[in-house]
Amino acid sequence: MSAAPPALPVFVPGDYKTDLKPVWCPGCGDFGVLTALYRAMAELQLTPELTAVVSGIGCSSRLPGYVETYGFNTVHGRALPLATGVAVSRPDVKVIAVGGDGDGLAIGGNHFMHSARRNLDVTYILMDNEIYGLTKGQVAPTTPTGDKTKTTHYGNPEPAVDPCELAISFGATWVGRAFSGDLKGTVELIVKALRHRGFAFLNVMSPCVTWRGDDQFKTLKAKARPLPAGHDVTSRFEAFKFTRETDVLSTGVLYDVKSPSLNDRLDTIKVTARAGAPLVTVPEIVKTFLPSF
Amino acid sequence: MSRRDLTIAMVGAGGDGIVTMGDILSQAGARNGLNVIKTEAYGPQIRGGESSCVVRLSPSAIYEQGDAVDVLVVFSWADFGRFKGEVQPAPNAVVLFDEADPVARTREDLGIGADGHWLAVPFSKLAGDAGAKGSKNVVGLGVLTALFGLAEETIRRAVVKRFGRKKAAVGELALKAYEAGLVHGGTLPPMPERGLTFTPGPAKLLMSGNEASAIGALHAGCRFFAGYPITPSTEILQFAEEWLPKMGGSVVQTEDELSAIGAVVGASFAGVKSMTATSGPGLSLMTEMLGLASMAEVPCVVVDVQRGGPSTGLPTKSEQSDLWQAVFAGHGDAPRVVIAASDVEDCFHTTVEAFNIAEEFQVPVIVLTDQSIGQRRETLDPTRLVHEVVDRAVPTAEDLVEYKRYRDTPDGYSPMSVPGQKGGIYQTNGLEHDEFGRPASMAHVHETMNAKRYRKLKPIRDKYQRARRYGPAKADLGIVCWGSSKGAVKEAVLMAEERGEKVAAFIPQMIFPFPVKALEEFLASVKRVLVIEISYAAQFYKYLRTFTTLPENTIIFKRSGGKNLTISEVDDQIRKFLSPDRKKGVA
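Quick note, the sequences are listed as chains A and B, same order. Those letters in the first sequence? Residues 1103 to 1395, by my numbering. Those letters in the second sequence? Residues 8 to 594, by my numbering.
If you want it as structure tokens, here you go:
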């Protein structure tokens, strides 16, 4: 007796590609993220019509247009609010939010905090290039102190933030760091992030060749190295040891814990609210407004 | 003249139970099928502090809170002083005050004439004697029942229900206080001519405008609500949070209004009917997302319960000054729909209609209500809360062949697929886009797509020419107003009719796109036009002039909010221009 032939994959990475040509500059790190996303989606065999990719504004926020799923390139900083609506109202849809460092950490910073705190059922991929690319080269929350940009002629006077450190502090239950120049590593991390239940945050260092020069790619490549094998992903304390790094760029899963997601908790509320009764109807609600004495 | 209705105002300090007293009076009225309007006002304290409550009861239809108070109950004169100009007894009112109040007032202070009654009542003493020191309010209910022919047994049951729900003994003490009030009321000078005569009828619903808005949303099929607390709209969020899970829906209290409407647009994109509710400052924050909803053609509903502005303004008080914001706020050419609710029942209907329009035409719809109707409680006939529900058109198999999400159709709206629909996949954005949703910044595409989005307004205008008209077909004076002004204006028009004066009123429910034709017909049917609104800048008057010509001698009656439009204010305006006295040159 021969075993049944193994089921062939239904989707290959190319199936997730639209015919829209990316607007990104040649050499942009976001190409690596996009390719990695196609591969990760194929590895997980995500159903295109049951997947939604949502973004805000910025170079990287153009990404939903290039993915053959339901997609929404919204307004600056608001990817996560839109993703919240999709994820909560349609728990059957896999929701991926994407964007850049300005979009997610500056104008959208408040939403980042609260989406992480809620353990929203969303995978959030942040393409961090340490600069505002679409507006052509202004300082961003992740631009290193002292760097010259179009709005820091005398060097950036402000300290930068580490997005992973923020995500862990805000309550994200899965946090990883990738380098888009490492395609294999990025695919692996996107797969893990997509598999996580709850808010998964992946910061991908994604160089901007146009506004940060060739040096950024070279420097990141030289600094990138995997997290040590024995890293305890369940410990915030251990994870924080690999934040605010200057001389190295540690990639991998920094933090991974299990906790009920927002949808898990909302499901529990629905059960509690109904207390075993059938769904309530509007006439029944209206009746509670009749004086009963 | 027989008593058409009775308006009772109660004022006291925190802890005097003013709100409970008003609740019981209005619930008992609703139980007996009377028409009731109840309003409350508070001091700025978070908890405690002075409060006032006005309850109007009538066997016949009423449309606005009574502004000339027939009966005034004062537990504390010091607190009464804090509602200066807001609670105004009629010159012939019956004033009942606590004889133990250390502050003294005279009938002259309140302008109570010889035909009024000025009565010191031992509210505190009777409550203490009954063994329930804090039950002045229940004693008051007893006195009011005895004096004004209220339904004694119904109120007794309401008192037991209210106070006996946790401990039967507390209910018994409250009953003793009620009986003491009844007995004392019997010792006061009888005034049967002031009593309310009525035959009890079937019970009515007692509901606030905010509750009616929320119920309208649930009726329309809303299953996702995101909101951020803001006075005076918060009850809608609270109501949704309590009931939506029981209907299988979800609520998220977001971190701000930007996120609230963002989540609503996201959920609607995902195919679920969604809504948020806010007040002026919140609507300001939501403006950018209204532009996205307009551009990406995503249905969404926003209820704006207006309050006094700008900025923090008067958070607990009403104004009609978000009109321009609702219609015009935003960058770019962004079509949206604005509807105004005029009373509690209308909050239900306008919200359902907002969903119908949003879903059918894929536009953001703003419902303007305000604090005065959002937070007042009114009786409703339970059979009136019905309204047709329209659902979103989903693409057919034919539409899905080379599916164009933004197909340029004759009416401007195109079938919208939702996640889960195979073959309906599309990527959309806030960028200008082609029929497939792909970014396109060419001038001709922008022109075509702007035209497509604006074209939707025509079928909306045709289908929803919503406006109300009261009074004779031809009138000497024609009042044009909107939203919550309807109540006072309608009552004043009815009063003018009783006097034989020809006064008509035009009140649009649809604010944008405006029912211009109906307005112009109205203007042609009246000799003189009076525009009434609660906006210092006369937003409505100026708005009307953007699409029609008003006669040069149009009269404008406008003022700031903080106090609701009263029947007597409208009546004064009518009399000023139409009374025979004026014609004789006496006034």
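Don't be surprised by glycine CBs; every beta carbon is placed ideally from N, CA and C.
| Asked | Found |
| --- | --- |
| Assuming K253 of chain B and L1381 of chain A make a contact with CB atoms under 8 Å, what is their CB distance in whole Å? | 7 Å |
| Closest Cβ-Cβ distance between R1376 of chain A and chain B: below 8 Å? | yes |
| In the DSSP assignment, find the beta strand (DSSP E) that holds Y477 of chain B and state where it starts and stops. | A474 to Y477 |
| Per DSSP, which one or two residues make a beta bridge with V393 of chain B? | According to DSSP, V393 of chain B bridges with nothing at all. |
| Within 10 angstroms of its Cβ, does F1339 of chain A collect 16 or more other Cβ (buried), or is it exposed? | exposed |
| So H226 of chain B and V396 of chain B are in contact, right, with Cβ under 8 Å, and what is the actual spacing, rounded? | 7 Å |
| Hey, quick one: how far does the alpha helix (DSSP H) through Y548 of chain B stretch, first residue to last? | Q546 to L551 |
| Below 8 Å, how does it come out for the segment 1180-1195 of chain A and the segment 1154-1165 of chain A: are there three or more Cβ pairs, yes or no? | yes |
| Along the segment 257-272 of chain B, where does the CB come closer than 9 Å to a CB of chain A? Name the residues. | S257, V258, V259, T261, E262, D263, L265, S266, A267, I268, G269, A270, V271 and V272 |
| How many Å lie between I364 of chain B and L265 of chain B at the Cα? | 23 Å |
| Under a CB-based cut-off of 8 Å, is R164 of chain B close to chain A? | yes |
| Using DSSP's beta-bridge definition, name the partner residues of R63 of chain B. | B:T14 and B:I44 |
| With Q34 of chain B as the anchor, note down where its alpha helix (DSSP H) starts and where it stops. | I25 to R38 |
| R1367 of chain A touches chain B at which residues, Cβ-Cβ below 7 Å? | The contacting residues do not exist; R1367 of chain A stays about 10 Å from chain B at best. |
| What does a CB cutoff of less than 7 Å around R169 of chain B pick up in its chain, not counting 5 residues either side in sequence? | T27 and I31 |
| Using a Cβ cut-off of 9 Å, which residues of the segment 1346-1367 of chain A contact any Cβ in chain B, in chain order? | L1364 and N1365 |
| Taking only runs of the beta strand (DSSP E) that begin and end inside the segment 117-146 of chain B, which ones reach a length of at least 3 residues, in chain order? | 124-128 |
| For the beta strand (DSSP E) that A75 of chain B lies in, which residues bound it at each end? | Unbroken run through A75 of chain B: none, as it is neither H nor E. |
| Three-state secondary structure (DSSP) at G568 of chain B? | coil |
| Is the Cβ-Cβ distance between E439 of chain B and S448 of chain B less than 8 Å? | yes |
| Would you give the residue range spanned by the alpha helix (DSSP H) that W84 of chain B belongs to? | W84 to F87 |
| In whole angstroms, what is the alpha-carbon distance linking S1282 of chain A and L1364 of chain A? | 29 Å |
| Looking only at its chain, what residues have a beta carbon closer than 8 Å to the beta carbon of K524 of chain B, apart from the 5 residues adjacent to it on each side? | Q472 |
| Quick check on DSSP: helix, strand or coil for Q434 of chain B? | strand |
| Could you tell me whether the Cβ of I1387 of chain A comes closer than 8 Å to any Cβ of chain B? | yes |
| If we count the other Cβ atoms within 10 Å of its Cβ and call it buried at 16 or more, is K497 of chain B buried or exposed? | buried |
| State the CB to CB distance for the pair H1255 of chain A and W1276 of chain A, rounded to an integer number of angstroms; the pair is presumed to be in contact (CB under 8 Å). | About 39 Å separates the two Cβ atoms, so there is no contact after all. |
| According to DSSP, is C307 of chain B helix, strand or coil? | strand |
| Bridge partners for I373 of chain B per DSSP, in chain order? | B:V309 and B:V345 |
| Could you give the C-beta distance for S301 of chain B and V370 of chain B, rounded to a whole number, given that I count them as a contact under 8 Å? | 7 Å |
| Return no unless some Cβ of chain B is closer than 8 Å to the Cβ of P1115 of chain A. | no |
| Would you list the one or two residues that DSSP bridges to P1150 of chain A? | Beta-bridge pairing links P1150 of chain A to no other residue. |
| Quick one: what's got a C-beta closer than 7 Å to V453 of chain B's C-beta in the same chain, skipping five residues either side? | The question names Val, but residue 453 of chain B is His in the sequence shown. For H453 of chain B, where only same-chain residues beyond five positions count, the Cβ hits under 7 Å are E439. |
| Taking CB distances under 8 Å as the criterion, tell me whether E1393 of chain A reaches chain B. | In the sequence as presented, Glu is not what sits at residue 1393 of chain A; that position holds Pro. So, interface residue. |
| Smallest Cα separation from K45 of chain B: which of B:E57, B:S65 and B:Q52? | B:S65 |
| Going by beta carbon distance, what residues of the same chain come within less than 6 Å of G337 of chain B, once the five residues before and after it are set aside? | T294, L297 and G298 |
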